[in-house]
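This report refers to the structure that appears directly beneath it.
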Amino acid sequence: MKQSYLIGLVLIVMQVVFSGYVLGANYYLVIPDQHCLEDSRLPNFFANNPVRLVAEHNNVPLPVRMCTIESGVYHTKMDDLTDAAVASLEDVLKRKNISVTGDAKKILYISITEAHCVIERLSFSQSVLNFIVKLTVSFDDDIIKEFTGSHGTGSGMAANSSISDAINYAVAEMLKDEEIINYLQR
Numbered sequence: 006m007k008q009s010y011l012i013g014l015v016l017i018v019m020q021v022v023f024s025g026y027v028l029g030a031n032y033y034l035v036i037p038d039q040h041c042l043e044d045s046r047l048p049n050f051f052a053n054n055p056v057r058l059v060a061e062h063n064n065v066p067l068p069v070r071m072c073t074i075e076s077g078v079y080h081t082k083m084d085d086l087t088d089a090a091v092a093s094l095e096d097v098l099k100r101k102n103i104s105v106t107g108d109a110k111k112i113l114y115i116s117i118t119e120a121h122c123v124i125e126r127l128s129f130s131q132s133v134l135n136f137i138v139k140l141t142v143s144f145d146d147d148i149i150k151e152f153t154g155s156h157g158t159g160s161g162m163a164a165n166s167s168i169s170d171a172i173n174y175a176v177a178e179m180l181k182d183e184e185i186i187n188y189l190q191r
């Protein structure tokens with residue numbers, strides 16, 4: 006009796022796992038890749054003083070769900086997105102000849118506080134995955150600003166580059182903010 010119960014339990018578990026796979030419950034981890042922000046998207050600014058960039062991690066060790074579509078479930082690690090935002094901003098500042106050091110008095114605290122995707126149906130057979138991130142920046146005695154970046158793709162296969170572009174667009178929006186530019190330039 007115990008053996009048949011155990012065999013039945015194993016068969017049920019296998020059926021649930023297999024049906025999840027067949028019905029599109031694939032697990033995809035979206036990891037940003039290292040795309041550079043285009044110079045044409047950047048405003049002209051300068052800063053004479055060095056800047057320190059601090060990644061404010063959310064300390065969420067497990068991946069969070071961004072969205073579920075027919076092909077599977079898309080997750081991401083928020084700390085990876087924050088690190089990508091800091092790397093993007095550091096790249097931009099260095100290209101603008103602004104020194105980024107660990108002991109600078111001007112500090113920007115960077116965090117990606119939200120990431121999700123929205124499915125936009127263009128037609129019955131065509132849809133766009135729009136990846137959206139919210140970038141939070143704090144500076145100068147806790148002034149907090151939020152910026153949103155988004156980028157769409159027609160395929161889940163391009164999720165990594167789309168999330169990277171969304172992060173880069175949020176960084177570009179941040180660098181257009183007058184208050185942040187004034188903080189960097191004083």
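Using our numbering, you'd call the opening residue of the sequence shown number 6 and step up by one each time. Heads up, the beta-carbon is just placed ideally off N, CA and C, and yes, glycines get one too.
In the DSSP annotation of this structure, ALA120 is not part of any alpha helix (DSSP H); the continuous beta strand (DSSP E) holding it starts and ends at 111 to 126. Under DSSP, LYS150 forms a beta bridge with VAL142.
The three-state reading of DSSP puts ALA60 in strand, counting E and B together. Of LEU134, GLY77, LEU127, the smallest CA-CA separation from ASP170 is found for LEU134. Fully contained in the stretch 50 to 108 are the following beta strand (DSSP E) runs of length 3 or more, in chain order: 56 to 60, 69 to 74, 77 to 81. With respect to the C-alpha of VAL59, the residue from ARG46, ASP84, SER76, ARG70 having the closest C-alpha is ASP84.
The three-state secondary structure of GLY161, taken from DSSP, is helix. LEU34: member of the beta strand (DSSP E) spanning 32 to 35, first to last residue. Taking all protein chains shown into account, LEU42 has 16 or more neighbouring C-beta atoms within 10 Å of its C-beta and is therefore buried.
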